[in-house]
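Each residue of the sequence shown is one higher than the one before, starting from 0 at the first, in numbering that gives the first Met the number 0.
Ideal Cβ placement from N, Cα and C applies to all residues, glycine included.
Worksheet: the structure to be examined is printed underneath.
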Amino acid sequence: MKGEERYFHSVSLDADKCRGCTNCLKRCPTEAIRIRNNQAVIIPANCIDCGECIRVCPHHAKVATTEPLSIIGAFEYRIALPAPALYTQFPQVHQSEKIIAALYKLGFDEVFEVARAAEVISYAISRTLINEDRPRPVISSACPAVLRLIQQKYPSLLDNVIDIVSPMEAAARIAKEEFARTRGVPVEKIGAFFISPCAAKLSDVRNPLGIGKSAVDGVIAIKDVYTQIQAHVKDGFTPLEIDRASTVGVRWAIPSGEADAVGMRHTLCVDGIENVKRALEQIEDSRFDRLDYVELLACTNGCLGGPLTVENGFVAKSRLNAILRHTPSKMVQRTEIFQDAATRFRTTEPIEPSDAQQLTGTMMERILKAARIDEIEQNLPGLDCGSCGSPTCRALARDIVGGFATEMNCIFKLNERISTLASEMVSLGASTRFAVGANRTVAAPDAENTDPQEE
């Protein structure tokens, strides 16, 4: 990927906790992890920061780097951008208004619900699909991990991705503009901070796709402010005098929430990274070309199952039903926000394919490497057991050609080699004993005669 050396990754390895198990190796959707010298190694170019390794690591050796709450002190005015998943994290709290009020007590001057921006983005997508002829099915751009996955493994589908920014990005822009206008302060003094369930969002802010620079100034993990918010949610609060998000925007937190909000007739929602991969393969095979819109979510249960949440995703999904009962059902449709949304919130740069999965070298060198990989793979057992430290036999073959492994990394090949060497040693030992025994047979009479030639 262009500029990979400057790419920021949220997901990283805590080497002191890693035990070299293969849980992360087997679950990584882009084969970005290897086990070398009994420790996991993350290949930066392949990592999409989906957080799947965080979720499955039993030793908590994979961590997501986000920003501390203290980062808001870098700006004179601070706006919180809570993801709707935040509202589902607190037991016995069924009103999102209590959680929004608690954010003010953490030092924010304003709270702008990302769910409000989700309503605007839903409208923008709907207008685009109705008024423009796009390759079908159109694919959502909301999940940054899915976008990176398409970049790497399914680049032919990039033209299907809707060129509309995510609700997080739209929320930051709208919030800053509203705050600057109503308070009469320069936009440069306003910081917008996303309260995130997702590890990929910080990477998306630092390395945005489709735009030159993100309007979001920081990403704070839900789990890092959970305790502080919980301390305030049971406090009394004055009813908030802010525009509230409706059920349309809040439901973006769960699978199908976005697809329903877009309002097209033929839609599909897929959650869970492995399911997403299968869906993308079928889209490539033109299996879904009669669909209008496809919503793809890397995490099971959508954003409610994000790796930076606190609550179990299924419990959070159940709790959202209570939240929705206390959420306005009608959107606040301010003309200045919704007007021209389909053009105002367009991405400004094309999303280019990533070369992370591509072989390097000249055309001829790539052809020779591909042929060598096929040859090596055919000689491997094809079990994809991960014992070699690579996720699949195909990946091991690529690692061998790349000079990062040898065939002896495969325990089956190693056992074959050991067995062969053992047989050769046995044969060599037998022939050596025969030769020694033969020499001794000849040498015995020589010991009794002084010199055979003299005889």
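Backbone CA spacing between residue i and residue j [nearest angstrom]
i                 : j                 : result
histidine 8       : alanine 198       : 9 Å
cysteine 298      : phenylalanine 287 : 21 Å
tyrosine 103      : glycine 235       : 13 Å
glutamate 3       : valine 275        : Per-residue confidence for glutamate 3 stands at a pLDDT of 44, beneath the threshold of 50, marking its modelled position as unreliable; no derived number is given.
glutamate 75      : proline 207       : 25 Å
leucine 413       : serine 155        : 39 Å
alanine 101       : lysine 188        : 23 Å
glycine 388       : histidine 325     : 50 Å
asparagine 22     : valine 55         : 6 Å
isoleucine 71     : alanine 114       : 21 Å
serine 426        : glutamate 415     : 16 Å
leucine 367       : phenylalanine 192 : 49 Å
histidine 59      : alanine 341       : 42 Å
glutamine 357     : isoleucine 372    : 13 Å
arginine 147      : leucine 296       : 12 Å
serine 125        : leucine 323       : 23 Å
valine 331        : aspartate 162     : 24 Å
cysteine 409      : glycine 381       : 11 Å
cysteine 20       : glycine 211       : 39 Å
cysteine 384      : glutamate 335     : 56 Å
alanine 456       : glycine 402       : Here the chain comprises residues numbered 0 to 454, so residue 456 is not present and cannot be evaluated.
phenylalanine 491 : asparagine 320    : Residue 491 is absent from the structure shown; the chain starts at 0 and stops at 454.
methionine 0      : proline 57        : Its pLDDT being 41, under 50, methionine 0 is placed unreliably in this model, and the value from its coordinates should be taken loosely. Between methionine 0 and proline 57, the C-alpha separation is close to 31 Å.
serine 353        : threonine 226     : 39 Å
valine 247        : arginine 26       : 33 Å
aspartate 339     : serine 386        : 55 Å
serine 317        : asparagine 300    : 11 Å
valine 10         : leucine 303       : 19 Å
leucine 420       : threonine 405     : 17 Å
aspartate 203     : lysine 175        : 19 Å
phenylalanine 411 : isoleucine 53     : 30 Å
proline 349       : methionine 407    : 43 Å
asparagine 37     : alanine 369       : 28 Å
isoleucine 253    : leucine 267       : 13 Å
threonine 347     : glycine 209       : 6 Å
glutamate 240     : isoleucine 173    : 17 Å
arginine 135      : tyrosine 153      : 15 Å
Residue i vs residue j beta-carbon contact at 8 Å
i                : j                 : result
isoleucine 375   : isoleucine 399    : yes
alanine 117      : phenylalanine 344 : no
leucine 379      : alanine 394       : no
glutamate 294    : serine 255        : yes
isoleucine 47    : alanine 39        : no
arginine 77      : phenylalanine 107 : yes
valine 249       : serine 121        : no
glutamate 51     : proline 28        : yes
isoleucine 98    : isoleucine 228    : yes
alanine 73       : glycine 190       : yes
phenylalanine 89 : valine 186        : no
leucine 24       : proline 390       : yes
methionine 263   : aspartate 291     : yes
glutamine 150    : asparagine 45     : no
leucine 80       : alanine 14        : no
serine 165       : threonine 65      : no
lysine 61        : leucine 105       : no
glutamate 257    : serine 139        : yes
asparagine 337   : valine 119        : Per the sequence presented here, residue 337 reads as phenylalanine, with asparagine not at that position. Against a cut-off of 8 Å, the Cβ pair of valine 119 and phenylalanine 337 comes out as a contact.
Residues that residue i bridges to, as DSSP identifies them
i              : result
alanine 191    : Ile78
isoleucine 282 : Per DSSP, none; premise fails for isoleucine 282.
cysteine 268   : Glu294
alanine 179    : Partner(s): none; alanine 179 has no beta bridge.
isoleucine 219 : Ile194
valine 184     : None; valine 184 has no bridge partner.
isoleucine 163 : Arg345
valine 10      : Ala63
Residue ranges of each beta strand (DSSP E) within the segment 25–56, 3 or longer: 32–35, 38–41
contact_flag[the segment 302–317, the segment 210–230] where n(CB pairs < 8 Å) is 3 or more: yes
Cβ pair count under 8 Å reaching 3, the segment 270–288 against the segment 354–367: no
Complete beta strand (DSSP E) runs within the segment 73–137 (minimum length 3 residues, chain order): Segments of the beta strand (DSSP E) lying fully in the segment 73–137: 76–81.
The segment 202–217 touching the segment 83–94, judged by at least three CB pairs closer than 8 Å: no
Contact the segment 138–153 vs the segment 178–186: 3+ CB pairs below 8 Å: no
Minimum length 4: unbroken alpha helix (DSSP H) runs contained in the segment 334–403: 334–337, 340–343, 362–377, 392–401
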